[in-house]
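To keep things clear, I will list the structure first and then write my remarks on it.
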Amino acid sequence: MEQQADIVRLLLHYFQAPLVAAEHVRGVLPVAFPAEAVRVVIGAPGGHRADRLTAYEIPLREDDGLRGGYEIISLLRAVLSAPHDDDPHCARIVDLTDW
Numbered sequence: 672m673e674q675q676a677d678i679v680r681l682l683l684h685y686f687q688a689p690l691v692a693a694e695h696v697r698g699v700l701p702v703a704f705p706a707e708a709v710r711v712v713i714g715a716p717g718g719h720r721a722d723r724l725t726a727y728e729i730p731l732r733e734d735d736g737l738r739g740g741y742e743i744i745s746l747l748r749a750v751l752s753a754p755h756d757d758d759p760h761c762a763r764i765v766d767l768t769d770w
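Just so you know, the sequence shown maps onto residues 672 to 770 in our numbering.
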């Protein structure tokens, strides 16, 4: 999906620059068709241990439209800045500890 590719291109900048504090984008994965979502893996720069990484699957559809890349970044920043573990805007949060 073209929307997923646009979001991946935008998020690539956050491999080098922090998204929030010390949290960087560690990976961006498209979700298989027919799902319209993107998975973003967040963790410390240079971090490779699965127990230090978290993947967020964020749906691209919101109401009648598609979320753009900057909306995805805003959602991730809100989730990472909040003191809670769940956010209603994310379809699910996947812990990569056992991967």
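Ideal Cβ placement from N, Cα and C applies to all residues, glycine included.
A quick note: this is a predicted structure, and the numbers were derived from the prediction, not measured.
| Check | Outcome |
| --- | --- |
| My parser needs the beta strand (DSSP E) runs of 3 or more residues fully inside the region 672-737; what are they? | 695-701, 708-714 and 725-730 |
| Can you tell me whether T768 is helix, strand or coil according to DSSP? | In this predicted model, T768 has a pLDDT of only 44, less than 50, meaning its place in the structure is not dependable enough to derive any value. |
| Between V691 and L751, is the Cβ-Cβ spacing less than 8 Å? | yes |
| Considering only C-alpha positions, which residue in the set V709, E694, E733 and P716 is nearest to A749? | E694 |
| With distances taken from CA atoms, which of D734, G698 and H719 is nearest V679? | G698 |
| Measure how close the beta-carbons of R723 and G717 come, nearest whole angstrom, since I'm counting them as under 8 Å. | That pair is no contact at about 10 Å. |
| Going straight from the alpha carbon of Y685 to that of V711, what length do you get? | 11 Å |
| With DSSP as the reference, label I743 as helix, strand or coil. | helix |
| Can you tell me whether DSSP reads A749 as helix, strand or coil? | helix |
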